[in-house]
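The next block holds one structure in the form of structure tokens; read it before the comments.
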Amino acid sequence: MSDPQLTADPDCNLAVTLTSTPVSTLAPQTSPVTNGTALTTTPSPCQNGGVSVNGACKCPSGYNGTNCQLKQDADLCRNIRCRNYGVCAIRKPNVLYEAVCLCRANFSGEYCEQQGTPGYCSTSSCMNGAACREEVIGATRTAYCDCPLGYRGVKCENRYFTCNRGAGTFLDDEMHEQGKYFVCQNGTLRLEQRSCPKGLRFNLGTQACTDG
């Protein structure tokens with residue numbers, strides 16, 4: 000994997016060997032929902048993926064202004080929570096306006112949330128229907144288990160959420176700091192994961208994505 004063109008966040012230390020997985024470009028995200036119904040009506044005055052909460056726009060990291068219309072290049076890593084000691088860094092805006100999490104060896108994922116095992120998929124023994132994938136960086140090959148929703152662990156061995164508690168909107172305890180939350184629909188056990196705009200988090204009390 001080639002190194003992206005990056006400018007490190009001022010608080011980051013890039014002395015360690017790192018790999019990168021893009022934190023998606025800041026584009027409009029799925030509106031927060033409760034019981035399958037959108038919380039805000041359209042059209043929204045908020046731009047660049049911002050969400051309207053009680054008439055005010057909550058802006059993703061890297062944007063500011065009444066309608067989230069202003070780019071704040073140096074602020075793009077604001078509230079981006081990389082996991083497992085990953086480091087948030089900023090691509091040069093003239094290349095692509097986005098932040099990425101730079102992961103330590105044997106970690107992968109949008110926020111470095113996946114821990115891998117050295118070697119091939121045949122030795123990884125993913126569980127609970129998880130798919131296995133391999134990444135090769137230099138001379139190092141690592142196998143990762145892509146867990147089904149509601150599962151976690153190196154081999155996806157731990158189930159931490161189901162829709163057995165009924166319909167509604169719930170926090171994703173594993174990825175809440177990364178803006179993820181769950182939706183369980185009426186009359187089904189089907190689990191959906193939703194995302195707040197980058198840098199925002201779902202507030203269960205207000206049923207909205209906020210910057211707090």
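If you count the sequence shown from 1, position 71 lands on 70 in numbering that gives the first Met the number 0, and the numbers rise without skipping.
By construction, the Cβ of each residue, glycine as well, lies at the ideal position given by its N, Cα and C atoms.
If you compare the alpha carbons of 145, 163, 164 with that of residue 156, the shortest gap goes to 145.
Counting other Cβ atoms within 10 Å of its Cβ, residue 189 stays below 16 and is therefore classed as exposed.
Residue burial is scored here from C-beta neighbours: residue 143 has at least 16 other C-beta atoms within 10 angstroms and is therefore classed as buried. Membership of residue 89 in the beta strand (DSSP E) is indicated by the continuous run 86 to 90.
In the structure shown, residue 43 adopts coil according to DSSP, grouped into three states.
Per DSSP, the unbroken beta strand (DSSP E) holding residue 167 starts and ends at 167 to 170. Sequence-distant Cβ neighbours of residue 43 in its own chain, meaning closer than 6 Å and more than five residues away, are 51. By the neighbour-count criterion, in which 16 or more other beta carbons inside 10 Å mark a residue as buried, residue 171 falls on the buried side. In its chain, beyond the 5 residues on either side, 117, 118, 119, 133, 134 have a beta carbon closer than 8 Å to the beta carbon of residue 140.
Distance from the CA of residue 131 to the CA of residue 55, rounded to the nearest whole angstrom, comes to 42 Å.
Taking a contact as a CB-CB distance under 8 Å, the pair residue 59 and residue 199 counts as one, their CB atoms being some 6 Å apart. Between residue 81 and residue 111 the beta-carbon gap is near 5 Å, inside 8 Å, which marks them as a contact. Using a Cβ distance threshold of 7 Å, residue 89 and residue 69 do not count as a contacting pair. Taken atom to atom, the span from the alpha-carbon of residue 96 to that of residue 178 is near 19 Å.
Rounded to whole angstroms, the gap between the alpha carbons of residue 49 and residue 64 is 10 Å.
Of 176, 150, 62, the smallest CA-CA separation from residue 194 is found for 176. CA-CA distance, residue 98 to residue 208, rounds to 19 Å. The beta carbon of residue 150 sits closer than 6 Å to the beta carbons of 127, 158 from its chain, once the five residues preceding and following it are set aside; these are given in chain order.
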